[in-house]
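Okay, so the sequence shown: first residue is 602 according to my numbering, each after it adds one. Idealized CB from N, CA, C, for every residue including glycine. Here is the structure we will look at.
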Amino acid sequence: MCIDHDRLFKTLLSTFFWEFLDLFFPTIAEAVDRDSISFLPQEVFTDITSGERREIDVLVRAKFRQQDSFFLIHTEALVV
602 MCIDHDRLFK TLLSTFFWEF LDLFFPTIAE AVDRDSISFL PQEVFTDITS
652 GERREIDVLV RAKFRQQDSF FLIHTEALVV
């Protein structure tokens, strides 16, 4: 039996993204308009030096509180 840990991680992070941000990055969470968080489609890119094909785990678009500017938050799980 093989467990798809990558898919489970992405689901967990997407479900509890605000809590993740608040727990691990409280300073960033304070600057984010919580209602502005939106998940962007996964992107696939190729490392041109190694030729390895990679897929972004979770990509979020968020707005600064009381401002018209946005930023991206990219999370990536690394297996060590």
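Cβ of ASP686 within 8 angstroms of Cβ of ARG666?
Lying before the first or after the last residue shown, residue 686 is absent from the chain, which here runs from 602 to 681.
Three-pair Cβ contact test at 8 angstroms for the region 637 to 645 versus the region 653 to 660
Taking 8 angstroms as the limit for Cβ pairs, the verdict is that the region 653 to 660 does touch the region 637 to 645.
My output table needs one value for ASP623: the three-state DSSP class, helix, strand or coil.
Assigned with DSSP and collapsed to three states, ASP623 falls in helix.
Secondary structure at ILE629, three-state DSSP: helix, strand or coil?
Correct three-state label for ILE629: helix.
Identify whether ARG612 lies in helix, strand or coil by the three-state DSSP scheme.
The amino acid at residue 612 is misidentified as Arg; the sequence shows Thr. Collapsing the DSSP output to three states places THR612 in a helix.
8 angstroms Cβ cutoff met for SER637 and LYS611:
Not closer than 8 angstroms, so no.
Output the boundary residues of the beta strand (DSSP E) element that contains ILE674.
Under the DSSP assignment, ILE674 falls in the beta strand (DSSP E) whose first and last residues are 671 to 676.
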